[in-house]
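> Below you will find the structure I want to go over with you.
Number of protein chains: 2
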Amino acid sequence: MISPHPFDRAVRVIPLSDARFRGETLPEYSNFAGQFGGITAATLLKAALDQPAARGTPVSLTVNYTAAVQPSAFELTVRAIRLGRTLQHWAIEMTQGAIVVASAIAALGQRAESWAHAPLAPPQAPPPDTILPLETAGARGWVQQYDFRFIKGSIAALHDQPPLSAPGDAQSLLWIRHTYPRLLDFPGLACLSDAFFVRMIQVRNTFPAMATVSLTTHFHADQALLDSQGDQALLCAVDSRVFRGHFHDQTADLWSSDGHLLATSHQMVWFAQ
Amino acid sequence: MISPHPFDRAVRVIPLSDARFRGETLPEYSNFAGQFGGITAATLLKAALDQPAARGTPVSLTVNYTAAVQPSAFELTVRAIRLGRTLQHWAIEMTQGAIVVASAIAALGQRAESWAHAPLAPPQAPPPDTILPLETAGARGWVQQYDFRFIKGSIAALHDQPPLSAPGDAQSLLWIRHTYPRLLDFPGLACLSDAFFVRMIQVRNTFPAMATVSLTTHFHADQALLDSQGDQALLCAVDSRVFRGHFHDQTADLWSSDGHLLATSHQMVWFAQ
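Those protein sequence lines, which keep their order, are chains A and B. Sequential numbering from 377 applies to the first sequence in this note's numbering. Sequential numbering from 377 applies to the second sequence in this note's numbering.
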């Protein structure tokens, strides 16, 4: 018997009623404080997509991380805000005891052929198999779940270095895929949209307490694009615009291996100092 | 007696209970189908900020536009998701009758001096008073509320022209301020973050049916930055990455007149063909 992929075990929930579900965090997706935000996003999105009334594929997902997800059981509540013919809107909340730990809104849409145009060209990059993967042995849970191959802005360059005296470049360009191969689906893409080292580390090489406040993922792919991507690595460009007053932004473009923009993500991160 | 600014009349609501409010749309902020999305975002954000328990200034706001806001009365429901010491999360919904027309999550945060860094430099632009404003006489409601001064990618260049045979440049750069001066506040900034002509018009010069599905605004300013901006024009850079399968993205950077990034917005737009 083949065990389910760690990702599929992490996002699995069991129904308590039509609108309530129960799940458990996995050590494989742990982070500094609580669970990795990407897997929380994936779990919330999957809960909406699995509703019998759900139609269409994700257009947007915003997750507000309202408290650290503790290593334990959690419950989900799923609510249809509005179910239109072309678009659906769902609200999903994750609770642990009396505390809401994450609150999300997702829009699902009917995609079909339309006028199309891609003003943004994919970044140039050597193929992933020509680049050494980041060493992740001993890293915290979620980091070991991914194979990172940096073309630019590798976190490895910072290892054992002192804090930077002047801010480093906020940009990274990397190939990323699951350590254990897995076919790309929308929850997997939602998770990947948060699977980047926080830019704060990148630009300072310090590790103040920090946490994502809100993550928005915009989906540009249909099921056919995901199917053709399969389990290949995604090319991801990550950047920040501004760090100010204990908050900074972080943006990522996630490209298919053949140059289609699959998703973009935008987040606000709180940092302690 | 000085009449309140149209903006302040549009976002004003009266309490029905602690958590429910009633307001009315204004013709000054009408759009093709229903109310202008920016004023809806501002109304929802203001309702959260006006709660007695609200602390801090906006960090992020996501509004999902779940149905067209009809020209009539509406109700708001405001709910605290989680009230932490550093961060608060609020959910706000707008209804007309039994229909949810907009659903939002807002994060408020305590801003203070911290490590700061601005990797993205402001765009170069001539001062606004050297540029002729866009002629908005006869335009639909909300367009007349703003003074647009285009440095690049003006919608005026498209007037009376046939649809473009090849996609035009998606980028615009413009100064924007209220037609009737108004001091910048956070609801005003939320509204401005949607005050751009949809890129679909820009790249095709056609007007298919279209609607914003979800708008996320990330705030980078504190109250002091807004105060020093006053009623001056904001410099805004607008762009899109991809149009595909009846949806496209749109991103805007909103800069103060002296080169501070005040907010960024990211939206997904549905278009009919």
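Glycine included, C-beta positions come from ideal geometry on N, C-alpha and C.
The segment 433-463 of chain B: which residues have C-beta closer than 8 Å to a C-beta of chain A, in chain order?
Answer set for the segment 433-463 of chain B: V435, S436, T438, N440, T442, A443, I457, R458, G460, T462, L463.
> According to DSSP, B:S548 sits in a beta bridge with which residue or residues?
Paired residues: B:V614.
> What do you reckon, are the CB atoms on A:Y441 and A:W518 nearer than 9 Å?
Against a cut-off of 9 Å, the Cβ pair of A:W518 and A:Y441 comes out as no contact.
> Got a sec? Which residues, its chain only, sit under 7 Å from A:T462 by beta carbon, not counting five neighbours each side?
Closer than 7 Å at the Cβ level, and outside the excluded window around A:T462, lie G485, Q486.
> Exposed or buried, what is A:E469 when buried is set at 16 or more other beta-carbons lying within 10 Å of its beta-carbon?
Looking at its Cβ environment, which holds 16 or more other Cβ atoms inside 10 Å, A:E469 is buried.
> Anything in the segment 480-501 of chain A with a Cβ closer than 9 Å to a Cβ of chain B? List those residues in chain order, please.
The residues in question are A480, I481, A482, A483, G485, Q486, R487, A488, E489, S490, W491, A492, H493, A494, P495, L496.
> B:L560: which of B:L610, B:G544, B:D523, B:F573 sits nearest, CA to CA?
The option with the nearest alpha carbon to B:L560 is B:L610.
> Using a Cβ-Cβ distance under 9 Å, would A:D629 count as near chain B?
At least one chain B Cβ lies under 9 Å of A:D629.
> If you measure from the beta carbon of A:P538 to each beta carbon in chain B, is any gap under 9 Å?
For A:P538, the answer is no, since every Cβ of chain B falls outside 9 Å of its Cβ.
> Considering just the uninterrupted stretch of the beta strand (DSSP E) at B:Q626, what are its terminal residues?
623-631 is the extent of the beta strand (DSSP E) around B:Q626.
> Considering Cα atoms alone, identify which of A:F572, A:N581, A:A566, A:E489 is closest to B:Q649.
The shortest C-alpha separation from B:Q649 is found at A:E489.
> So with CB distances below 7 Å, who are the chain B contacts of A:A722?
Only positions 377 to 649 of chain A appear in the structure, and residue 722 of chain A is not among them; the question remains open.
> Am I right that A:L421 and A:A467 are in contact with their C-beta atoms under 8 Å? What's the rounded C-beta distance?
Not quite, the Cβ-Cβ distance comes to about 12 Å (not below 8 Å), so this is no contact.
> At a CB distance below 7 Å, what residues from the segment 587-611 of chain A approach chain B? Give them in sequence order.
Cβ contacts with chain B: V589, S590, T592, H594, H596, D598.
> If we count the other Cβ atoms within 10 Å of its Cβ and call it buried at 16 or more, is B:S590 buried or exposed?
Burial call: buried.
> Could you name the residues of chain B that A:S616 contacts, counting a contact when the two beta carbons are closer than 9 Å?
Within chain B, the residues near A:S616 are H493, P495, L496.
> Since B:R396 meets chain A, which of its residues come closer than 8 Å, beta carbon to beta carbon?
Simply none; closest approach about 17 Å.
> Can you confirm whether B:R580, when its beta carbon is compared against all beta carbons of chain A, has any partner nearer than 9 Å?
Yes, its Cβ sits closer than 9 Å to a Cβ of chain A.
> How far does the alpha helix (DSSP H) with B:I415 in it reach, from first residue to last?
Taken as a continuous stretch (DSSP letters only), the alpha helix (DSSP H) holding B:I415 covers 413-425.
> Label B:H535 either buried or exposed according to how many other C-beta atoms from any shown protein chain fall within 10 Å of its C-beta, with 16 as the threshold for buried.
The residue in question, B:H535, is exposed, as its Cβ has fewer than 16 Cβ neighbours within 10 Å.
> Can you name the start and end residues of the beta strand (DSSP E) that A:P434 belongs to?
From DSSP, the beta strand (DSSP E) with A:P434 extends over 433-441.
> Scan the segment 528-555 of chain B for residues whose Cβ lies nearer than 7 Å to a Cβ of chain A and list them as they occur along the chain.
Hits within the stretch, in order: P543, A546.
> Pop quiz: B:H596 and B:L638 are said to be a contact at Cβ under 8 Å. What is the actual Cβ separation, rounded to whole angstroms?
Indeed, because the Cβ distance is near 6 Å, the residues count as touching under 8 Å.
> Rounded to the nearest angstrom, what separates B:M377 and B:D523 at their Cα positions?
Bear in mind that the predicted position of B:M377 carries a pLDDT of just 49, short of 50, making it unreliable; the figure below should be weighed with that in mind. Each residue's alpha carbon lies about 25 Å from the other.
> What does A:V476 touch in chain B if you count any residue whose Cβ is under 9 Å from its own?
Those are I457, R458, H465, listed as they occur along chain B.
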